[in-house]
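No gaps in the numbering here: position 107 of the sequence shown is 107 in the numbering used here, and each next residue is one more. Ideal placement from N, C-alpha and C gives every residue a C-beta, glycine not left out. Working notes for the structure below.
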Amino acid sequence: VDLAEILGPHKPVSTKKLVEMKEVMPEQHRLLLAVHDALRPYDMHFGYRVANEIAAYMLNAREFCEGGDDVLPFAFDIQVMKKILPKLHGNAAQLLEPMETLNGALPDWCSMSRAKLARMKMRLEQVGFASFME
Numbered sequence: 001v002d003l004a005e006i007l008g009p010h011k012p013v014s015t016k017k018l019v020e021m022k023e024v025m026p027e028q029h030r031l032l033l034a035v036h037d038a039l040r041p042y043d044m045h046f047g048y049r050v051a052n053e054i055a056a057y058m059l060n061a062r063e064f065c066e067g068g069d070d071v072l073p074f075a076f077d078i079q080v081m082k083k084i085l086p087k088l089h090g091n092a093a094q095l096l097e098p099m100e101t102l103n104g105a106l107p108d109w110c111s112m113s114r115a116k117l118a119r120m121k122m123r124l125e126q127v128g129f130a131s132f133m134e
């Protein structure tokens with residue numbers, strides 16, 4: 001292992017997968033940006049790494065899963081569940097508005113994510129705190 005290379009100067013972030021996602025699946029790319037923008041005012045948005053990982057997953061789902069483009073809504077919902085919702089945790093003052101804004105940004109077909117947000121909101125109202133873990 002070449003530690004000098006690993007610990008060397010900062011390498012610029014690649015947005016290759018995100019650019020490819022924008023070209024191949026513009027609707028899902030637009031939705032990803034909408035989710036990001038919904039969380040930004042609360043400083044709960046995600047960065048390039050998460051966006052690129054979501055884009056890579058979406059591209060792989062389209063290419064390798066049966067159904068092609070038909071699998072994209074389900075794949076996007078899974079990514080919201082895996083990459084975005086687990087980062088939401090805190091008390092009612094911190095979470096109530098961001099969760100409602102995020103829920104409004106998600107389309108109806110993000111049923112798993114919307115159901116999880118509903119459970120988190122219920123927990124928030126019951127005990128004043130919520131996290132992804134139940």
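Query                                                                                                         : Result
Three-state secondary structure assigned by DSSP to His89                                                     : strand
C-beta contact flag for Ala55 and Met81 at 8 Å                                                                : no
Coil, strand or helix - Phe46 by DSSP                                                                         : coil
Beta-carbon proximity list for Asp105, same chain, < 6 Å, skipping 5 on both sides                            : Reading off the sequence shown, one finds Ala at residue 105, where the question assumed Asp. Ala34, Val35 and Ala38, listed in sequence order.
Euclidean distance between Cα positions of Val24 and Asn52                                                    : 14 Å
Backbone CA spacing between Glu66 and Asp108 [nearest angstrom]                                               : 23 Å
Outcome for Met133 when other beta-carbon atoms lying within 10 angstroms are tallied against a minimum of 16 : exposed
Span separating the alpha-carbon of Gly47 from that of Leu32                                                  : 12 Å
Sheet register partners of Ser131 (DSSP bridge)                                                               : His89
Helix, strand or coil at Asp108 [DSSP, three-state]                                                           : coil
Sequence-distant residues of its chain with Cβ nearer than 8 Å to Leu96 (five each side left out)             : Lys121 and Leu124
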